[in-house]
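Engineer: Here you go, one structure.
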Amino acid sequence: MLSNKYYFYLALFLVCLSSSLGYAKESQLLSSTHTQSPWQADLGNGEYKNPILHADYSDPDVVAVNGDYYMTASSFNSAPGLPILHSTDLVNWQLINYALPIQLPQAHFAKVQHGNGVWAPTIRFHDNKFWIFYPDPDFGIYVTTTDDPAGTWSTPQLILAGKGLIDPAPLWDDNGKTYLIHAWAKSRAGFNNVLTLREMKDDASWVSDKFTHIVDGKNHPGYRTIEGPKFYKRNGYYYIFAPAGGVDLGWQSVFRAKKITGPYEAKVVMAQGNSVINGPHQGAWVHTQFDEDWFIHFQSKQAYGRITHLQPMRWDNDWPIIGIDKNGNGTGQPVLQHTKPRSKINPQPTSIVNNDEFNSAELSLLWQWNANPSNSWYSLTDNPGFLRLHSQQITAQNNTNLWSTPSLLLQKIPAEQLAFTTTLQVNQTTSASSSGLILFGEDYAWIGIKTSSTGEQQLVYVHCFNARKGCTESIVEQQPLTQPYLELKVVLQPGATAIFSYRTAASAEFQIIGEHFQAKKGRWVGAKLGLFSLSQTPGASSYADFDYARYDTLD
């Protein structure tokens, strides 16, 4: 029998092959774009395709409330954080809010904290309000609540302080007691592969410092990196849905017991099998008002991040089976296409992706900063209809590359292939500055304008490899800029290979600049698309105006 690892590397090979075959069609890729959503999961015929979100909403959790569904996900160092998504059918999702306007502690997250911050959260509805329990592996476990998930969430309260406490999930038991389960991060605690139970007050105002390890991977042969637990009760059993095996090649397990303290039986309920969906695990069991069961989880897709899938789920002998059990052994494998869930509303196919014309008073919710922002970084009113990014000074922390730059304005990559376009103008200044369109990760590339201390402007294409380890940017191509109009485009092909281009008139053809660039993921996140403006001069008055940010599909 072929292993999961075989299928994982086969999938990577096919992705790379498809990318290389696409190089011969560069001119077509630049010209054959259409202003519409580059990813749509709802097929419009009563079925859907996976992923339902081809974007980095990692560690997803979902709560069902009267036929509406609300999702949250890890957001790490990005601000705002804890995204709130809404759906009426589990397939068509809209980003409606963030529970965290800024990351706490505020001063700590004013500096870029790659891979830190908000790890796997849990969202629940209890006592007529919504709750999110989320961990920060360096500070502990927080809780925030609201009556309206699209409204204001309470200031997060640190309910359990400590390093290495991750992935919390509450259970309000039918016996009147309340519990909290969580995992451990080896990087902070010195150990992992263990799930821990604590008692908690009903209002989460107190969590016991006494605990019991109720699941230990050492007691389950072959198990490693058990984490991300979700806690449920059904038919007299306590269930812990928990992934194991690691991000890329892991599987979904369920542990069950008649007593909350165990002993717990273990069963693998979903694995890759012979599907092309590697490491299908970590997410939410959703029971609908139509008595259907579904499971939402992620798939690690390298530069695209951890994208979101929806699987059918059923019960057999009080064990869940997620996906399709093709060989009858009780372990499902994920599907790429399936009949949609029943829903109270049959929405028109929609997409989370939207363009930002910068005509409103606020930025699109798709934008997130690389750290806690300042209102002085940008304006939507200085030049109405444009986003103005005021050039932020390059500091000693990020003087060779942009890895530690707080003021990068970024979006998740929302599709396997797409075009992303913006226009750029910078003011005439003698402040040395850089502004442009960036494809950002541990390797990154950008296209834009460099202004010298004498005011000379150059169109440049720049890349940087191993930014996390302190690489220095390299200018791959540059040429004098003689036109005030500059439109920038990046085309992303399957496999996350990018082609950058530009034009200096709206009626002109786009011109490719530089070589192909292979996008690379960031620290626990996928690569991102974004905009920036930086200056080498303290107190500089330089800025960059962007007219729009648009996504297009490719033929």
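Note that our numbering numbers the sequence shown so that position 524 is 519, with each residue one more than the last.
Glycine included, every Cβ here is placed at the ideal spot set by N, Cα and C.
Fair warning: this is a prediction, and the values are worked out from it, not measured in the lab.
How long is the line joining the alpha carbons of S536 and R383, rounded to whole angstroms?
Structural biologist: Cα to Cα, the separation comes out at about 12 Å.
Engineer: According to DSSP, which residues form a beta bridge with P307?
Structural biologist: The partner list for P307 (beta bridge, DSSP) reads W289.
Engineer: Do W34 and S270 count as a contact pair if the criterion is CB distance below 8 Å?
Structural biologist: Going by C-beta atoms, S270 is not nearer than 8 Å to W34.
Engineer: With DSSP as the reference, label W179 as helix, strand or coil.
Structural biologist: It is a strand residue.
Engineer: Alpha carbon to alpha carbon, what distance is there between L48 and N87?
Structural biologist: Going from the Cα of N87 to the Cα of L48 covers about 9 Å.
Engineer: Let's see if you can read the secondary structure: which residues bound the beta strand (DSSP E) around Y259?
Structural biologist: From DSSP, Y259 is part of no beta strand (DSSP E); its letter is neither H nor E.
Engineer: Go to F125, then tell me how far its beta strand (DSSP E) extends in each direction, as first and last residue.
Structural biologist: That run of the beta strand (DSSP E) goes K124 to D131.
Engineer: Quick check: the Cα distance between Q387 and P55, rounded to an integer number of angstroms?
Structural biologist: Their backbone Cα atoms lie some 34 Å apart in a straight line.
Engineer: Can you find a heavy atom of the ligand SAM that lies under 7 Å from the Cβ of I161?
Structural biologist: In the structure shown, the ligand SAM is absent, as is every other ligand, since no ligand is present at all.
Engineer: For my contact list, G521 and K407 are in at a C-beta cut-off of 8 Å; report their separation, rounded to the angstrom.
Structural biologist: At roughly 6 Å, the Cβ-Cβ gap stays under 8 Å, so G521 and K407 are in contact.
Engineer: Suppose you measure from the CA of Y129 to the CA of C466; what does that come to, to the nearest Å?
Structural biologist: For Y129 and C466, the distance between alpha carbons rounds to 33 Å.
Engineer: Sort out for me which residues DSSP pairs W88 with in a bridge.
Structural biologist: Looking at the DSSP assignment, W88 forms no beta bridge with any residue, so it has no partner.
Engineer: Within 10 angstroms of its Cβ, does G17 collect 16 or more other Cβ (buried), or is it exposed?
Structural biologist: Bear in mind that a pLDDT of 36 at G17, under 50, signals an unreliable position, so the model cannot answer this.
Engineer: Between the Cα of L572 and those of T532, F505, T207 and Y546, spot the shortest distance and give me the residue it belongs to.
Structural biologist: Given a span of -4 to 550 for the chain in the structure shown, any question on residue 572 remains unanswerable.
Engineer: Under a Cβ-count criterion, where at least 16 other Cβ atoms within 10 Å of its own Cβ denotes burial, should E260 be classed as buried or exposed?
Structural biologist: Burial call: exposed.
Engineer: Taking the runs of the beta strand (DSSP E) that are 3 residues or longer, which of them lie wholly in the segment 132 to 170?
Structural biologist: Qualifying beta strand (DSSP E) stretches, in chain order: 135 to 141, 152 to 156 and 160 to 167.
Engineer: Here's a check: name, in chain order, each residue in its chain whose Cβ is nearer than 6 Å to the Cβ of C459, leaving out the five neighbours to either side.
Structural biologist: Around C459: N396, Y439, C466 and E468.
Engineer: Do the CB positions of S69 and A115 come within less than 8 Å of each other?
Structural biologist: Yes, they are a contact pair.
Engineer: What would DSSP say about S371, mapped onto helix, strand or coil?
Structural biologist: In this structure, S371 counts as helix in the three-state DSSP scheme.
Engineer: Is Y52 helix, strand or coil by DSSP?
Structural biologist: Coil at Y52, not helix or strand.
Engineer: By the 10 Å Cβ neighbour count, where 16 or more other Cβ atoms means buried, how is P46 classified, buried or exposed?
Structural biologist: Buried, because 16 or more other Cβ atoms sit within 10 Å of the Cβ of P46.
Engineer: Can you tell me whether DSSP reads L9 as helix, strand or coil?
Structural biologist: Note that L9 scores 41 on pLDDT, short of 50, meaning its location in the model is unreliable and no value can be drawn from it.
Engineer: Can you give the beta carbon distance from K484 to A414, rounded, assuming they're within the 8 Å contact cut?
Structural biologist: Rounded, the Cβ-Cβ distance is 6 Å, consistent with contact.
Engineer: Helix, strand or coil for F460, going by three-state DSSP, please let me know.
Structural biologist: Of the three classes helix, strand and coil, the one that applies to F460 here is coil, per DSSP.
Engineer: Evaluate contact between the segment 367 to 379 and the segment 110 to 124, counting only Cβ atoms and requiring at least three cross-stretch pairs below 8 Å.
Structural biologist: Not touching, per the Cβ criterion.
Engineer: Tell me whether Y218 sits in a helix, a strand or coil according to DSSP, three-state version.
Structural biologist: Coil, per DSSP.
Engineer: Between the alpha carbons of P401 and G450, how many angstroms are there, rounded?
Structural biologist: Taking the straight line joining both Cα atoms gives about 25 Å.
Engineer: Using the C-alpha atoms, what's the distance from S53 back to L487?
Structural biologist: When rounded, the distance between both Cα atoms is 21 Å.
Engineer: Run the CB neighbour count on T256, radius 10 Å, all protein chains shown included, and call it buried at 16 or more, exposed below.
Structural biologist: Flag for T256 reads exposed.
Engineer: Taking all protein chains shown into account, decide if A298 is buried (16 or more other Cβ within 10 angstroms of its Cβ) or exposed.
Structural biologist: Label assigned to A298: buried.
Engineer: Taking the alpha-carbon positions, what's the E357 to L434 distance?
Structural biologist: Whole-angstrom Cα-Cα distance: 23 Å.
Engineer: Tell me whether Y4 sits in a helix, a strand or coil according to DSSP, three-state version.
Structural biologist: Confidence at Y4 is low in this model, with a pLDDT of 44, below 50, so its placement is unreliable and no value can be given for it.
Engineer: Over the uninterrupted beta strand (DSSP E) stretch that includes Q488, give me the two end residues.
Structural biologist: It spans L481 to Q488 - the beta strand (DSSP E) in which Q488 sits, taken as one unbroken run.
Engineer: Looking at C-beta atoms only, is the number of pairs between the segment 271 to 288 and the segment 490 to 498 that lie closer than 8 Å three or more?
Structural biologist: No, they do not touch.
Engineer: What does the alpha-carbon distance come out to for the pair A19 and S428?
Structural biologist: In this prediction, A19 scores a pLDDT of 33, lower than 50, which makes its location untrustworthy; no coordinate-derived value is stated.
Engineer: Counting only the same chain and skipping the five closest in sequence on each side, list residues whose C-beta sits under 7 Å from that of F206.
Structural biologist: So the list reads T191, L192 and R193, once near-sequence residues are dropped.
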